[in-house]
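Basically this note's numbering = 1-based index in the sequence shown + 400.
A short write-up of the structure that comes next.
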Amino acid sequence: MTGKSNFDKLDFQIIQAMMDNANISYADLGKKLFVSGGTIHVRMKKLQETGIVRGTKLHINHKLLGYDVIAFIGIYLEKSSLYDAVAKELKKIPEIVRVNYTTGNYSMFAEVICKDIGQLKFVLHDELQKIRGIERTDTIISLEESFSRDVQVDESREQIAAH
Numbered sequence: 401m402t403g404k405s406n407f408d409k410l411d412f413q414i415i416q417a418m419m420d421n422a423n424i425s426y427a428d429l430g431k432k433l434f435v436s437g438g439t440i441h442v443r444m445k446k447l448q449e450t451g452i453v454r455g456t457k458l459h460i461n462h463k464l465l466g467y468d469v470i471a472f473i474g475i476y477l478e479k480s481s482l483y484d485a486v487a488k489e490l491k492k493i494p495e496i497v498r499v500n501y502t503t504g505n506y507s508m509f510a511e512v513i514c515k516d517i518g519q520l521k522f523v524l525h526d527e528l529q530k531i532r533g534i535e536r537t538d539t540i541i542s543l544e545e546s547f548s549r550d551v552q553v554d555e556s557r558e559q560i561a562a563h
């Protein structure tokens, strides 16, 4: 299972099922996919060893915990060669939950989750402004998240993409 072509239909079914419900037991997943729980365990171990699966993650409702502001920050760098250094500094800011190196208007794009506008102001004014290499930023505040999902992973889509 070292390359994409070594995955079979069962691997894609396991990945999709675990993305839908990471709490499902290997035994229950095996029953659902008509294989043994041991087979699921072996396949998951191989998926983890190859780096395809990097653990499980708890998805929480941030708003119910009092985090009412989601914002996206477009970051302009002084030079694109500063990306690694800036990304390292951004990772130190706990409110920043995702950073991407991008094409287009921005060099980087970050997602920020804050309790309120005051905390967002602190991140923008006190945290981001002191990072060397950031030329300027544009902030977009999310009014509502319509949906969030993982990409659907299955063998038939992989075969179509390969042709």
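Beta carbons are placed, not taken as given, at the ideal position from N, Cα and C, and that holds for glycine.
These figures come from a predicted structure and were not determined experimentally.
Asked	Found
Quick one: what's Ala510 bridged to in DSSP?	Ile473 and Val499
Quick one, which of Leu410, Gly518, Tyr476 and Ile517 has its alpha-carbon nearest Val499's?	Tyr476
Mapping the DSSP letters down to three states, classify Ile531 as helix, strand or coil.	coil
Quick one: what does DSSP say Thr439 is sitting in, helix, strand or coil?	helix
For Leu465, tell me which candidate among Lys446, Asn421, Ser425 and Asp516 has the shortest Cα-Cα distance.	Asp516
Take the Cβ of Arg532 as the centre, count every other Cβ of all protein chains shown within 10 Å, and call the residue buried at 16 or more, exposed below.	exposed
Write down the C-beta distance between Ile414 and Ile440 rounded to the nearest angstrom, noting that I regard them as a contact closer than 8 Å.	6 Å
Report yes or no: do the stretch 544-555 and the stretch 481-497 share at least 3 C-beta pairs separated by less than 8 Å?	no
From the DSSP output, read off the bridge partner residues of Asp408.	Asp408 pairs with nothing; no bridge assigned.
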